[in-house]
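Chemist:
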Amino acid sequence: MQLRHLLAETRGSRAFITAYWSGLDTLAHAYGPETDQCEAEFQTMSHLLSRQFLDSLTAADREGTLLLITADHGQIHIPPQQILDADQDPELSQHLLAPIMGESRAAFVHPRPGRSKAVRDHLEASYPDWFVVRDSVEVLESGLLGKPVSDETYTRAGELIVLPRGTRALQHTQPSVALVGRHGGLTPEEMLVPLIGARLEALG
């Protein structure tokens, strides 16, 4: 309803209006992305968009208005047995200056001074085929995480960025957080999102 009212208030002028629906992301984290809970939320969102927004617009509201629907990311299901908890790996933990940061699907690692090679060697030897380990500067300057890159991002990223393969993840112990669906990795399911566009006059 708020979106409908904003559209009416800006009628006849140029405006860029954004709206975010958090339910799908929340439920996908809690239950996994391809679940009955997410399907029900999607159906609810679709119903409200149709009944409470599109069906209630006047011809004047629709005129010259473009509707775009997209997502900021996708998600994949991460099995618990494919999550490496750094706090449960003493050899890894002894080399770390701070807990694992960033996303569990794109982890920022802060080794103790001079321990970057030890961290890389341990991950590659103990968890073969689990991770791609790269120097953070290499990853950031490649544009993989977007450009421009702020000084704060270089600081937050630490010395290494760990990109889990497949449906694996790297994190530190998070007792109050049990995420089934996750994002931030390089799979098509996480990176590719739909973009739906329609002129509202054509939907009248």
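Residues 196 to 399 (the numbering used here) make up the sequence shown, in order.
Backbone N, C-alpha and C fix where the C-beta goes; we use that ideal spot for every residue, glycine too.
Relative to the alpha-carbon of E333, which residue among E319, T362 and F303 has its alpha-carbon at the smallest distance?
Modeler: For this step, residue 333 is matched to residue 138 along the sequence shown. If we check each option's Cα against that of E333, F303 comes out closest.
Chemist: Please go through the stretch 324-368 and give each complete beta strand (DSSP E) segment of 3 or more residues, from N-terminal end onward.
Modeler: For the stretch 324-368, whole beta strand (DSSP E) runs of length 3 or above, ordered along the chain, are 326-330, 355-359 and 364-366.
Chemist: Give the DSSP bridge partners of F303, in chain order.
Modeler: Translated into the one-based positions of the sequence shown, residue 303 becomes position 108. Answer is M296 and I356, bridged to F303.
Chemist: Buried or exposed: S311, going by 16 or more other Cβ atoms within 10 Å of its Cβ?
Modeler: Along the sequence shown, one-based indexing puts residue 311 at 116. Classification of S311: buried, given that the 10 Å Cβ count is 16 or more.
Chemist: Return the Cβ separation of M296 and G353 in integer angstroms, given the expectation that the two are a contact with Cβ distance under 8 Å.
Modeler: Here the question's residue 296 lines up with position 101 in the sequence shown. Here the question's residue 353 lines up with position 158 in the sequence shown. Going by Cβ atoms, the distance from M296 to G353 rounds to 7 Å, so yes, they are a contact pair.
Chemist: Per DSSP, which one or two residues make a beta bridge with T265?
Modeler: As a working note, residue 265 is residue 70 in the sequence shown. Answer is L390, bridged to T265.
Chemist: By the three-class DSSP mapping on this structure, what secondary structure does H272 have?
Modeler: Taking the sequence shown and counting its residues from 1, one reaches residue 272 at position 77. In this structure, H272 counts as strand in the three-state DSSP scheme.
Chemist: In chain order, what residues of the same chain lie with their CB nearer than 6 Å to the CB of L287, ignoring the 5 residues before and after it?
Modeler: As a working mapping, residue 287 is identified with position 92 in the sequence shown. Cβ within range, chain order: A281 and H317.
Chemist: Going by DSSP, name the residue or residues bridged to L291.
Modeler: On the sequence shown, position 96 is the one that residue 291 refers to. Bridge partners of L291: P306.
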